[in-house]
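Asker: Provided herewith is a single structure, encoded as structure tokens, for subsequent inquiry.
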Amino acid sequence: MSNNKKIISVFGATGAQGGSVARALLKAGYEVRAFTRNVDSEASKKLKEVGATLVKADISQPEQDLQKAIEGSYGVFLVTSFDGTPVNTEFEQGSKVANASLKANVKHLVFSGLSPCQAISNGKLYVAHFDEKFKVEEYLRKLSLDNAAFVTSFVYPPFYFQNFLSYYKPSKNEDGSYTISLPQDPKVPLDMSDITDIGAIVAAEFQHPEKYSGKVVPFSGSFLTGEEIVKVTGKTVKYNFIPTEVYAKLFPGAQELADMFEFFTHYGTFPTQDKTIAPTITKLSTLEDYLISTNFKLE
């Protein structure tokens with residue numbers, strides 16, 4: 019499909035997902051409007067350097083303002099924002115962008131979604147930042163059904179490798195060894211990926227709307243147990259399993275993450291989706307690839 023310098027508006031363009039998507043779209047020959055709260059940030063400047071047009075806009079704005087910002091775009095990449103606060107506003111955010119995109123005559127919207135934990139677990143587990151995203155997906159599907167010219171596609175990311183450099187960074191023990199602590203059953207494999215792999219997948223969805231209309235593309239570069247994760251580091255690292263009922267009490271908002279890991283343990287990350295699609299689009303990084311590429315060192 020010829021791009022003819024079609025414009026794609028990318029929400030959260032300075033974030034982990036949006037940044038990768040913006041760069042992949044530029045590489046594929048699209049014009050990119052990079053939506054960001056702060057056009058003067060270092061991440062924004064780097065996007066401008068590689069050819070993106072910076073736009074001061076974000077999903078918290080009124081629908082009318084978003085419509086104006088989106089006007090003239092062929093496509094929109096949308097990722098909603100989970101900030102860990104007690105009230106999840108992702109459906110409000112996502113439906114607002116969906117409506118604005120439709121009114122702005124956008125032809126193709128790609129949404130970064132997640133599995134519906136509540137439905138899959140028969141109501142046992144509600145994970146707001148999963149389930150509210152799925153409500154956005156359902157809303158988008160209905161809009162596509164009612165408006166044939168409005169194509170919607172979906173991408174599902176797993177647990178990020180990047181989490182091992184931040185939230186779940188190995189801690190050093192007195193004997194010089196290290197420990198990775200997770201509320202994931204050590205015998206149950208976890209889907210994981212380098213989040214920057216999302217860019218090539220989303221670019222492919224925009225390039226082939228007829229192929230990916232209504233499709234979900236989940237991606238997973240590694241599917242490893244806790245014991246396998248620590249072996250990949252090549253260092254003396256122990257895996258410490260924190261029971262979810264203990265993890266849930268560690269900090270505000272931990273209950274939701276504990277329920278997420280309960281879901282991973284009992285149902286998997288993508289229990290109803292096809293993981294074989296993404297590797298046909300791009301080579302997915304394994305955990306080992308990621309540790310090498312980031313020059314991962316235990317200090």
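Residue numbers for the sequence shown follow the numbering used here, so the first one is 19 and each next one is one higher. Where is the CB? At the ideal position from N, CA and C, for every residue including glycine. Computed from a predicted structure; not experimentally measured.
#1: Quick check: what's the CA-CA separation for residue 123 versus residue 89?
#2: May I ask you to report which of helix, strand or coil DSSP gives residue 205?
#3: My understanding is that residue 159 touches residue 232, with C-beta atoms under 8 Å, so please give their C-beta distance in whole angstroms.
#4: Any idea which residues DSSP pairs residue 289 with across the strands?
#5: Just checking, does the stretch 180-196 make contact with the stretch 232-244 on the three C-beta pairs under 8 Å criterion?
#6: Can you tell me which of 227, 156, 303, 262 puts its alpha carbon nearest to the alpha carbon of residue 209?
#7: Could you give the distance in angstroms between the alpha-carbon of residue 223 and the alpha-carbon of residue 191?
#8: Does the Cβ-Cβ distance between residue 204 and residue 276 come in under 7 Å?
#9: Is residue 223 helix, strand or coil by DSSP?
#10: Have a look at residue 121 and residue 85 and give me their C-alpha separation to the nearest angstrom.
#11: Which partner residues of residue 49 appear in the DSSP bridge assignment?
#12: Going by the DSSP bridge assignment, what does residue 78 pair with across the sheet?
#13: How would you label residue 212, buried or exposed, when you count the other beta carbons within 10 angstroms and need 16 or more for buried?
#14: Are the stretch 26-39 and the stretch 66-78 touching, with three or more C-beta to C-beta distances below 8 Å?
Answerer: Reading from the atomic positions:
#1: Taking the first residue of the sequence shown as 1, we reach residue 123 at position 105. Taking the first residue of the sequence shown as 1, we reach residue 89 at position 71. In a straight line, the C-alpha of residue 123 is about 7 Å away from that of residue 89.
#2: In the sequence shown, residue 205 corresponds to position 187, counting from 1. In the three-state reduction of the DSSP assignment, residue 205 falls in the coil class.
#3: Position 141 of the sequence shown, counted from the start, is the residue given in the question as residue 159. Position 214 of the sequence shown, counted from the start, is the residue given in the question as residue 232. Between residue 159 and residue 232 the beta-carbon gap is near 7 Å, inside 8 Å, which marks them as a contact.
#4: Reading the sequence shown from its first residue, position 271 is the one you call residue 289. Residue 289 pairs with nothing; no bridge assigned.
#5: Under the Cβ criterion (8 Å, minimum of three pairs), the stretch 180-196 does not count as touching the stretch 232-244.
#6: On the sequence shown, residue 209 is found 191 positions in, with the first residue counted as 1. When each option's Cα is compared against that of residue 209, the closest is 303.
#7: As a working mapping, residue 223 is identified with position 205 in the sequence shown. As a working mapping, residue 191 is identified with position 173 in the sequence shown. Straight through space, the alpha carbons of residue 191 and residue 223 are spaced by roughly 45 Å.
#8: In the sequence shown, counting from the first residue as 1, residue 204 sits at position 186. In the sequence shown, counting from the first residue as 1, residue 276 sits at position 258. No, Cβ-Cβ distance for residue 204 and residue 276 is not below 7 Å.
#9: As a first step, residue 223 is located in the sequence shown; it is residue number 205 there, counting from the start. Residue 223: helix per DSSP, three-state reduction.
#10: To locate residue 121, count along the sequence shown from 1; it is residue 103. To locate residue 85, count along the sequence shown from 1; it is residue 67. Using only the alpha carbons, I get a separation of about 7 Å.
#11: In the sequence shown, the residue the question calls residue 49 occupies position 31. According to DSSP, residue 49 shares a beta bridge with 25.
#12: Against the sequence shown, residue 78 aligns to sequence position 60. Residue 78 is not bridged to any residue.
#13: Numbered from 1 along the sequence shown, position 194 holds the residue referred to as residue 212. By the beta-carbon neighbour count (other beta carbons within 10 angstroms, threshold 16), residue 212 is buried.
#14: Three or more Cβ pairs closer than 8 Å define a contact, and the stretch 26-39 meets that threshold against the stretch 66-78.
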